[in-house]
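Asks: With numbering that gives the first Met the number 0, the residue at position 348 of the first sequence is 347, and numbering never jumps. For each residue, glycine too, the CB sits at the ideal point set by N, CA and C. Quick caveat, the model's predicted, so the values are computed rather than measured. The structure's right below; bear with me while I get my questions together.
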Amino acid sequence: MKNELQVFNSYSGKKEVFKPIHEGQVGMYVCGPTVYSDVHLGNCRTFVSFDVVYRYLQYLGYKVRYVRNITDVGHLEGDEDTGREDKIAKKARLEQLEPMEIVQRYMNGFHEMMKVFNVAAPAIEPRATGHIPEQIEMVQTILDNGLAYVKNGSVYFDTFKFAKEKNVYGTLSGRKIEDLIAESRANLKNQDEKNHPSDFAIWIKAAPEHLMRWNSPWSVGFPGWHLECSVMSTKYLGEKFDIHGGGSDLKFPHHENEIAQNYGVCGAAPCNYWLHGNMLLFNGKKMSKSDGNSIMPGELFTGQSSHLTKAYSPMVVRFFMLQSHYSSTLDLTDEALQAAEKGYRRLMEALKVLQEMTHTGGGSAGALDKEINGLIDLASEDMSDDFNTPKALASLFELVTKINSLKGGQLSFSDLTPDTLERLKKTFNDFIFDIFGLLAENFDSSGNGVVDGLMQLILDMRQTARTNKDWGTSDKIRDALKELEIVVKDGKDGATWSKG
RNA sequence: GGUCGGUUGGCCGAGUGGUUAGGCAGAGGUCUGCAAAACCUCGUACAGCGGUUCGAAUCCGCUAUCGACCUCCA
Numbered sequence: 000m001k002n003e004l005q006v007f008n009s010y011s012g013k014k015e016v017f018k019p020i021h022e023g024q025v026g027m028y029v030c031g032p033t034v035y036s037d038v039h040l041g042n043c044r045t046f047v048s049f050d051v052v053y054r055y056l057q058y059l060g061y062k063v064r065y066v067r068n069i070t071d072v073g074h075l076e077g078d079e080d081t082g083r084e085d086k087i088a089k090k091a092r093l094e095q096l097e098p099m100e101i102v103q104r105y106m107n108g109f110h111e112m113m114k115v116f117n118v119a120a121p122a123i124e125p126r127a128t129g130h131i132p133e134q135i136e137m138v139q140t141i142l143d144n145g146l147a148y149v150k151n152g153s154v155y156f157d158t159f160k161f162a163k164e165k166n167v168y169g170t171l172s173g174r175k176i177e178d179l180i181a182e183s184r185a186n187l188k189n190q191d192e193k194n195h196p197s198d199f200a201i202w203i204k205a206a207p208e209h210l211m212r213w214n215s216p217w218s219v220g221f222p223g224w225h226l227e228c229s230v231m232s233t234k235y236l237g238e239k240f241d242i243h244g245g246g247s248d249l250k251f252p253h254h255e256n257e258i259a260q261n262y263g264v265c266g267a268a269p270c271n272y273w274l275h276g277n278m279l280l281f282n283g284k285k286m287s288k289s290d291g292n293s294i295m296p297g298e299l300f301t302g303q304s305s306h307l308t309k310a311y312s313p314m315v316v317r318f319f320m321l322q323s324h325y326s327s328t329l330d331l332t333d334e335a336l337q338a339a340e341k342g343y344r345r346l347m348e349a350l351k352v353l354q355e356m357t358h359t360g361g362g363s364a365g366a367l368d369k370e371i372n373g374l375i376d377l378a379s380e381d382m383s384d385d386f387n388t389p390k391a392l393a394s395l396f397e398l399v400t401k402i403n404s405l406k407g408g409q410l411s412f413s414d415l416t417p418d419t420l421e422r423l424k425k426t427f428n429d430f431i432f433d434i435f436g437l438l439a440e441n442f443d444s445s446g447n448g449v450v451d452g453l454m455q456l457i458l459d460m461r462q463t464a465r466t467n468k469d470w471g472t473s474d475k476i477r478d479a480l481k482e483l484e485i486v487v488k489d490g491k492d493g494a495t496w497s498k499g
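So this is what it looks like as structure tokens:
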């Protein structure tokens, strides 16, 4: 069975067989959020995507050191008119708080949201402000290596020189050196201190009113945004590690510059595989904080948005995300979420049915047995094919039909061995919980003992009515419960209930 | 304007030279006191035009259209 992991490497633009630097171990770095406002759903998608990558690598038996940073300084506003203010410093000024209060508040919010989405915590979550000395050191090394220059207390990376010396600048984002050179003549006059428009700051001299500032050999200032990732990935994963992930919108300039910095320090690229998650769309356009086209997770969970007809639970949203490939754009719509909710429930119901299923004994490995084993194998192959969750999910849904047929009697246990049933149980459990990171939301339990007890009493009374063929009472109970959004399902072994 | 990527049945969304993706919705049927659930069957989709090929949704070209990046973004 071929089941070796292949990943799409954004750097080469090809799907490649994944080979870790150290056997059995994986070093993975993912760009985390800048904590200057609440996380929106687009952010969540990226972290869910890499959460599945993290989980699957572990499932395959790799020991993974997963580093995901928190950006809490250095990320400048892009708008020229505002004078390139640090995002966190700006928020602090507007809200009259310490920058670190801003950072703490939104970092807490971010962590809560990751928990809600059942995103596993990384092994290390370093913060940029916690690595100022290391960043100063790296700036010095880049200066020593002749790939940066000082201007009025700020330090800039010399992309022009780097591009001429090493033919790598622009590879990741598909930019051409010739364009950079052409750009220099046209736009140079607009650049204040930089020698070249594509040069970027690795240390920035702080304006007098700037709140976040540290001493350095060049000025009292703060580090450039791109630098932290080079510093922290190198510190915790080494000069060369396996996987670097992030949203596709970070390819340029962030990741391109990160690569440049690593060359500036170590003379080599930081990692072997670049993985980029694609954007979550909302109304057909990229969900983005800065242009206001976004929906907050909270609005989804409460259903309080003009774009939604109802509330959706976190796991429904997670399932919705898993239904597309991480490298494809995904368009969020109310209709699609409704479909996802039904699908998620169907999957989880089948899981429950399966868990309670016992083999009737005997059973031979016939066609059904082979088919089920084939689908189980297929699900793994799907995941090993660049973490193709929608394909793996499709394989699981084929198995859902088998499970329900076994329960309903359309298929017989005599056609599969007890071992296969056990394997099926284990696979479902592993995929749904360990790999997909879904949680079982109790639709047939309120989490409240009193309510569950009352429900049981009601269903018992209804059963008595049904035994007496008192359909009027039976239907009255069912209809009344339906009004309360509780659905009663009559099965062979009595009735069950679930919340709307 | 430059660069890149989409365009798949009613909706979402995989696939990528010949063989069923899957989910949701819809139609018919089985089961059931009825219903729900479940199971079975069904639609014969790949933006348009041209080309390559025995054969293309899948490769090539052109056109249309949407989007992303080029400036902060996950």
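Measuring CA to CA, which of 123, 104 and 37 is closest to residue 26?
Replies: Walking along the first sequence from the start, residue 26 turns up at place 27. It is 123 whose Cα lies nearest to the Cα of residue 26.
Asks: Excluding the 5 residues flanking residue 146 on each side, which residues of the same chain have their C-beta closer than 7 Å to its C-beta?
Replies: Within the first sequence, residue 146 is the residue found at index 147, counting from 1. Counting only Cβ-Cβ distances below 7 Å, and skipping sequence neighbours, we find 156, 157, 160, 161 and 263.
Asks: Does the beta-carbon distance from residue 390 to residue 381 come in below 7 Å?
Replies: Numbered from its first residue, the first sequence carries residue 390 at position 391. Numbered from its first residue, the first sequence carries residue 381 at position 382. Their beta carbons are under 7 Å apart, which means residue 390 touches residue 381 by this criterion.
Asks: With C-beta atoms as the reference, is residue 522 less than 7 Å away from residue 73?
Replies: This structure does not reach residue 522, given that the chain is present from 0 up to 499, and the question cannot be answered.
Asks: Can you check which of these residues, 65, 52, 13 and 296, is closest to residue 39 by C-alpha distance?
Replies: Within the first sequence, numbered from 1, the residue matching residue 39 stands at position 40. Of the listed residues, the one whose Cα sits closest to residue 39 is 296.
Asks: What do you get for residue 483, buried or exposed, if any count of 16 or more other CB atoms within 10 angstroms of its CB means buried?
Replies: Locating residue 483 in the first sequence gives position 484, counting from the first residue. The residue is exposed, with fewer than 16 neighbouring Cβ atoms inside 10 Å.
Asks: Whole-angstrom Cβ separation of residue 32 and residue 69, contact assumed at under 8 Å?
Replies: Within the first sequence, numbered from 1, the residue matching residue 32 stands at position 33. Within the first sequence, numbered from 1, the residue matching residue 69 stands at position 70. Sure, about 7 Å apart at Cβ, within 8 Å.
Asks: Considering just the uninterrupted stretch of the alpha helix (DSSP H) at residue 86, what are its terminal residues?
Replies: Position 87 of the first sequence, counted from the start, is the residue given in the question as residue 86. It spans 86-94 - the alpha helix (DSSP H) in which residue 86 sits, taken as one unbroken run.
Asks: List the endpoints of the continuous alpha helix (DSSP H) containing residue 478.
Replies: As a working note, residue 478 is residue 479 in the first sequence. It spans 470-482 - the alpha helix (DSSP H) in which residue 478 sits, taken as one unbroken run.
Asks: Please report the Cβ distance between residue 314 and residue 133, rounded to the nearest whole angstrom; I am assuming they are in contact, meaning their Cβ atoms lie under 8 Å.
Replies: Counting from one through the first sequence, the residue named residue 314 turns up at place 315. Counting from one through the first sequence, the residue named residue 133 turns up at place 134. Not really, about 39 Å apart at Cβ, beyond 8 Å.
Asks: What residue from 479, 499 and 461 has the CA that sits closest to residue 489's CA?
Replies: Against the first sequence, residue 489 aligns to sequence position 490. Cα-wise, what sits closest to residue 489 is 461.
Asks: Buried or exposed for residue 273, please, with buried defined as at least 16 other CB atoms from any protein chain shown within 10 angstroms of its CB.
Replies: Position 274 of the first sequence, counted from the start, is the residue given in the question as residue 273. Counting Cβ neighbours within 10 Å, residue 273 comes out buried, since at least 16 surround it.
Asks: Where DSSP assigns a beta bridge to residue 292, which residues make up the other side?
Replies: Counting from one through the first sequence, the residue named residue 292 turns up at place 293. Residue 292 is bridged to 287.
Asks: Do residue 47 and residue 320 have their beta-carbon atoms positioned less than 7 Å apart in this structure?
Replies: Counted from its first residue, the first sequence places residue 320 at position 321. Counted from its first residue, the first sequence places residue 47 at position 48. In contact: residue 320 and residue 47 (Cβ atoms closer than 7 Å).
Asks: Bridge partners for residue 33 per DSSP, in chain order?
Replies: On the first sequence, residue 33 is found 34 positions in, with the first residue counted as 1. Note: residue 33 sits in a beta bridge opposite 70.
Asks: Could you check the C-alpha separation between residue 136 and residue 205 for me, to the nearest Å?
Replies: Against the first sequence, residue 136 aligns to sequence position 137. Against the first sequence, residue 205 aligns to sequence position 206. Distance between the alpha carbons of residue 136 and residue 205: 18 Å.
Asks: Can you give the Cα-Cα distance for residue 198 and residue 324, rounded to whole angstroms?
Replies: On the first sequence, position 199 is the one that residue 198 refers to. On the first sequence, position 325 is the one that residue 324 refers to. Roughly 34 Å separates the two Cα atoms.
Asks: Could you please give me the residues that DSSP links to residue 8 through a beta bridge?
Replies: The residue you call residue 8 lines up with position 9 of the first sequence. According to DSSP, which records beta bridges pairwise, residue 8 is partnered with 13.
Asks: Buried or exposed, going by whether 16 or more other CB atoms sit within 10 Å of the CB of residue 493?
Replies: Counting from 1 along the first sequence, the entry for residue 493 is found at position 494. That one is exposed.
Asks: Do residue 386 and residue 52 have their C-beta atoms closer together than 7 Å?
Replies: By one-based count along the first sequence, residue 386 stands at place 387. By one-based count along the first sequence, residue 52 stands at place 53. Going by C-beta atoms, residue 386 is nearer than 7 Å to residue 52.
Asks: If you draw a straight line from the alpha carbon of residue 250 to that of residue 216, how long is it in whole angstroms?
Replies: Numbered from 1 along the first sequence, position 251 holds the residue referred to as residue 250. Numbered from 1 along the first sequence, position 217 holds the residue referred to as residue 216. For residue 250 and residue 216, the distance between alpha carbons rounds to 30 Å.
Asks: Taking 7 Å as the cut-off, decide whether the C-beta atoms of residue 243 and residue 58 are in contact.
Replies: Here residue 243 refers to the residue found at position 244 when the first sequence is read from its first residue. Here residue 58 refers to the residue found at position 59 when the first sequence is read from its first residue. No, these two residues do not count as a Cβ contact at 7 Å.
Asks: So who's on the other strand from residue 495, going by DSSP bridges?
Replies: Numbered from its first residue, the first sequence carries residue 495 at position 496. According to DSSP, residue 495 bridges with 488.
Asks: Taking the C-alpha atoms as reference points, what is the distance between residue 241 and residue 11?
Replies: Here residue 241 corresponds to residue number 242 of the first sequence, with the count starting at 1. Here residue 11 corresponds to residue number 12 of the first sequence, with the count starting at 1. Near 14 Å, if we compare the C-alpha coordinates of residue 11 and residue 241.
Asks: Which whole-angstrom value is the C-beta distance of residue 500 and residue 307, which I expect to be below 8 Å?
Replies: Because residue 500 is not part of the residues shown, which for the chain are 0 to 499, the question remains open.
Asks: Less than 6 Å between C-beta atoms, sequence neighbours within five positions excluded: which residues of the same chain meet that for residue 374?
Replies: Numbered from its first residue, the first sequence carries residue 374 at position 375. Within the same chain, residue 374 has close Cβ partners 394, 397 and 398.
Asks: Report the option in 54, 356, 93 and 24 whose CA atom is closest to the CA atom of residue 62.
Replies: Residue 62 sits at position 63 when you count from the first residue of the first sequence. Minimum Cα distance to residue 62 is reached at 24.
Asks: Excluding five sequence neighbours on each side, which residues of the same chain lie with their C-beta closer than 8 Å to the C-beta of residue 140?
Replies: Numbered from 1 along the first sequence, position 141 holds the residue referred to as residue 140. Within the same chain, residue 140 has close Cβ partners 263 and 264.
Asks: Would you kindly check if the distance between the Cβ of residue 85 and the Cβ of residue 542 is under 7 Å?
Replies: Here the chain comprises residues numbered 0 to 499, so residue 542 is not present and cannot be evaluated.
Asks: Taking all protein chains shown into account, decide if residue 78 is buried (16 or more other Cβ within 10 angstroms of its Cβ) or exposed.
Replies: On the first sequence, residue 78 is found 79 positions in, with the first residue counted as 1. Reliability fails at residue 78, whose pLDDT of 46 lies under 50, so the model's placement of it is uncertain and no value is given.
Asks: Within its chain, find whatever has a CB closer than 6 Å to the CB of residue 427; leave out the 5 residues flanking it on each side and keep chain order.
Replies: Translated into positions along the first sequence, residue 427 becomes position 428. Closer than 6 Å at Cβ, skipping near neighbours: 350 and 353.
Asks: On a CA-only basis, which of 194, 449 and 202 is nearest residue 154? Give me that one, please.
Replies: Within the first sequence, residue 154 is the residue found at index 155, counting from 1. Among 194, 449 and 202, the Cα nearest to that of residue 154 is on 202.
Asks: By a C-beta neighbour count over all protein chains shown, 10 Å radius and 16 as the cutoff for buried, is residue 173 buried or exposed?
Replies: Residue 173 sits at position 174 when you count from the first residue of the first sequence. Classification of residue 173: exposed, given that the 10 Å Cβ count is below 16.
Asks: Can you name, in chain order, every residue of its own chain whose Cβ lies under 6 Å from the Cβ of residue 271, other than the five neighbours on each side?
Replies: Within the first sequence, residue 271 is the residue found at index 272, counting from 1. 241.
Asks: Could you work out which residue in 413, 93, 277 and 451 is closest to residue 363 when comparing CA atoms only?
Replies: Taking the first residue of the first sequence as 1, we reach residue 363 at position 364. Comparing Cα-Cα distances from residue 363 to each of 413, 93, 277 and 451, the minimum goes to 413.
Asks: When DSSP labels each residue in this structure, what does residue 372 get in the three-state scheme?
Replies: The sequence position of residue 372 within the first sequence is 373, counting from 1. Here residue 372 sits in helix by DSSP.
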